[in-house]
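Residue numbers (this note's numbering): 21 to 434.
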């Protein structure tokens, strides 16, 4: 069998030398090594995701794409941080990135989105490219003041205006006609046009992360499970990093980041999943009977709550889990949530009508509603009747939080 996959001494010696050299580079220059490794396969999203996970395991800082710092490939700054390669943004090839770098070298750092659109060759960097760069975070450093979701929402809102002004500026240059008062139409445009969009609705965390996933192939500034982190701490005692082999079943929550569906000898489908909860990852076996029962909810990027037994994986040296039951976070919440408590004080006007309007569409559920009403001289508790048992959806919880405040909406679990 050896001859079926064997190497002569000279071949083995050469590979041993290469292995030693790469190991030495990774040990002594980890950021440069990983930047080079990612760049070599940055057109393959799955490999980029794997390499970025390795960067995090090595405690290397990975900076988001930056139109003023990024090169085509991944690079390393003087602080030893890895800068995301602009060429890894979907829709940006060597031509568009080359045009961006040329404009940056000739005119210095870009000041804002309007300055960028005016200086970069619009024939090479089109509207689709600009849209992808905004959603990936490449303009965050030169966007309007505010949190990330606000920055990106404003820039997406004024993108058409920025491109229109840049095209007008280019036509004036070609015709030899100066802009009004001899100034560029894009001078101070950022202040004028950003202000025109200050009422823009912020991107939700989900919209922001989906934008990153669409343009980069991964979530960079957060994780979909972050939205549920406080709730999951109350609902479930374990994270993946806390798991240990044992006979007792454990329950964890996570996102499906890998999914393989196979068939057994009888032709029945079963699956192997990779579950990620930010603290770690675990391989999950879903045998045929369980796969048949839960297959509808088993899709990549789905957030699930899994109950199963944990054992050592002799092949990988890590842990693996065999699924006994699988639920969505909403299903798990419905089965575990005993009471949804709303705290209200007397300063809130018309709260009865507001609460009625909010709860009405979510009736006919299994979750009890409890109200704690407080005024300066007295307080009272009230449990709503059976006809007001509600379905505790994400939408309802967000509406209650918006009305009464995050600290005034409390979930009690069994």
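Backbone N, C-alpha and C define an ideal beta-carbon position, used for all residues, glycine too.
query                                                                                                                                                                   : result
For residue 63, which residues from the same chain have a beta carbon less than 7 Å from its beta carbon, with the 5 sequence-adjacent residues on both sides left out? : none
Closer than 8 Å is the cut-off here; do at least three beta carbon pairs connect the region 154 to 165 with the region 226 to 240?                                      : yes
Between residue 169 and residue 223, how many whole angstroms is the CB-CB distance? I'm expecting something under 8 Å.                                                 : 4 Å
If you drop the 5 nearest sequence neighbours on each side, which residues of the same chain put their C-beta closer than 6 Å to that of residue 279?                   : 293, 320
Compute the Euclidean distance between the alpha carbons of residue 183 and residue 228, then round it to the nearest angstrom.                                         : 22 Å
Ends of the beta strand (DSSP E) at residue 386?                                                                                                                        : 383 to 395
Taking contact to mean at least 3 C-beta pairs separated by less than 8 Å, is the region 304 to 314 in contact with the region 235 to 246?                              : no
Alpha helix (DSSP H) containing residue 443: first to last residue?                                                                                                     : The first residue shown for the chain is 21 and the last is 434, placing residue 443 beyond what the model contains.
Grab me the residues of residue 69's own chain with a C-beta within less than 7 Å of its C-beta, minus the 5 sequence neighbours each way, in chain order.              : 237, 238
What is the DSSP secondary structure of residue 433, counted as helix, strand or coil?                                                                                  : strand
If you follow the alpha helix (DSSP H) that residue 159 is part of, which residue opens it and which one closes it?                                                     : Residue 159 -> no alpha helix (DSSP H), and no H or E assigned at all.
Whose C-alpha, out of 163, 91, 384, 83, is nearest the C-alpha of residue 102?                                                                                          : 83
Could I get the ranges of all uninterrupted beta strand (DSSP E) runs contained in the region 123 to 193, with 3 residues as the minimum, in chain order?               : none
Would you give the residue range spanned by the beta strand (DSSP E) that residue 298 belongs to?                                                                       : Per DSSP, residue 298 belongs to no beta strand (DSSP E) and is neither H nor E.
Assign residue 340 to one of three DSSP states: helix, strand, or coil.                                                                                                 : strand
Given that a residue counts as buried once 16 or more other Cβ atoms are within 10 Å of its Cβ, and exposed if not, what is residue 31?                                 : exposed
Just tell me which of 39, 361, 175, 263 has its CA closest to the CA of residue 327.                                                                                    : 263
Considering residue 358, what are the terminal residues of the beta strand (DSSP E) in which it resides?                                                                : 357 to 365
Rank 248, 59, 407, 406 by C-alpha distance to the C-alpha of residue 353 and give the top, closest one.                                                                 : 248
When you compare the CB positions of residue 393 and residue 364, do they come within less than 9 Å of one another, or not?                                             : yes
Suppose the cutoff is 8 Å on Cβ atoms and the five residues either side in sequence are ignored; what does the same chain contact list for residue 76 look like?        : 82
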